[in-house]
Each structure stands twice: as structure tokens, then as C-alpha cells.
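Sequential numbering from 34 applies to the sequence shown in this note's numbering. Even for Gly, the Cβ is constructed at its ideal location relative to N, Cα and C. Worksheet: the structure to be examined is printed underneath.
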Amino acid sequence: MPASGLLFRKGDAWSVALEPLRQDGRRPADDKAACHLRLTRVLRNDFPATLAAEIEFTTSSPPTTASYRMQLDATSTAAAALLSSSHRRGDPDNPRHVVLPLSGKLVEILVAVGQDVAENQVLAFVKQMKMELEVRSPRAGRAKWVLEMEEDEEDVAEGTLLVELDEPDREPGLARGKL
């Protein structure tokens, strides 16, 4: 049963009007974008905490309809600000990506581009709730890309790419194989 008591069903639809706001707060004339959103399948409904659905989204000019999988998750305004940052997002399904598992303040990065990394090696420290937590490498490799800190302590969001790993260098002449 949904936590909210609000029922969203297949076929529910809404007209969406998007109007850009000007810096002075006044609305510009005739800059409205009319759209239509229709639920084709509700996958999970725990609104307002979360809502997952397949939708059809139609725009008016040019008239086009596209299907999407929509995921809404409740968040704080601080988390929203972190997500809009310029940091690269990591892909948790990519074994080469070391992704931050939590948000907080990035205190220190202990690896540089080109450096060999061992499995379970501490790569960075993230401060959250006055505690410093270690971020460890899930596998061995060579650091191909490393997040560059712009400040001494930098706000980072969960899912930010910390390090991108390559295969570690092997000694020349050694073949890798199985018996």
C-alpha cells in the first residue's frame, strides 16, 4: 500500500505548462511551452517519497511524443544543490568507476592520476555528521581520472565519480590466461 494514500493509475494524465521566469521576477509574454504527460504504467508508488512510472511525454511545437521511464525521489534542497554541481556522475554498473556512496564534504583525496591502486585501498575521506568516513577502491587498477578538489573541503553528492580506474600495468612479456 502506498505510504501517501495518493493513487496514481495507468492512464492518469496532466497538461503541463512551463514558463521561464525572468531575473526581475516578471513573466515574459508568449514564452510558454505546452506539454502533456500521461502515465502508461505505474512501477512503484510511494508518493511523495518516491514514484516510478513509464510515461508518454508530448510537446506542442513541434508535436512529438516520447516514452520515458520516470523516477521521482524526495530530496532536500541541499541535496538538489549538490546534484546540480559540475562534478561528473559515476555509473555504479561500470566496474571502472569508483562512485561516492554518500554525500558530505570531501576532505581529502589520497590518489593521483597515473597512480596504481590496490583493491580495498583508501582513496578519500568524506566528512558526514562530524565523522570522517573512508572511501575504498572495490578493485585494483591504475587511476585514469581523479576528481579535482576546488576547495579544502568540498560538498559532494552521493553518486559523484571519485576515481576512474584502468587495468594496472603488467610486466612486458607476461601473458594473462587460465589453465
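Would residue i and residue j be called neighbours here (beta carbons separated by less than 8 Å)?
| i | j | result |
| --- | --- | --- |
| T73 | G123 | no |
| V75 | R102 | no |
| V146 | W178 | yes |
| V150 | R121 | no |
Give me, in chain order, the residues of the same chain whose beta-carbon lies closer than 7 Å to that of residue i; leave out the 5 immediate sequence neighbours on both sides.
| i | result |
| --- | --- |
| L105 | T83 and L84 |
Return the chain-ordered list of same chain residues with a C-beta closer than 8 Å to the C-beta of residue i, the five sequence neighbours on each side being excluded.
| i | result |
| --- | --- |
| E186 | K138, L139, V140 and K160 |
| E152 | S170, P171, R172 and A173 |
| A46 | H69, L70, R71 and L72 |
On a CA-only basis, which of the options is nearest residue i? Give me that one, please.
| i | options | result |
| --- | --- | --- |
| Q148 | H120, N127, V196 and V132 | V196 |
| N127 | L70, H120, D199 and L156 | D199 |
| T91 | A66, E181 and P81 | A66 |
Determine the direct distance from the alpha carbon of residue j to that of residue i, and round the result to whole angstroms.
| i | j | result |
| --- | --- | --- |
| P53 | C68 | 14 Å |
| L51 | P125 | 33 Å |
| A86 | S48 | 17 Å |
| A107 | L143 | 33 Å |
| E89 | S100 | 4 Å |
| L156 | L133 | 10 Å |
| E183 | R129 | 23 Å |
| P81 | Q154 | 39 Å |
Return the chain-ordered list of same chain residues with a C-beta closer than 6 Å to the C-beta of residue i, the five sequence neighbours on each side being excluded.
| i | result |
| --- | --- |
| G44 | none |
| L180 | L195 |
At least three beta-carbon pairs within less than 8 Å, the stretch 94-106 to the stretch 156-171:
no
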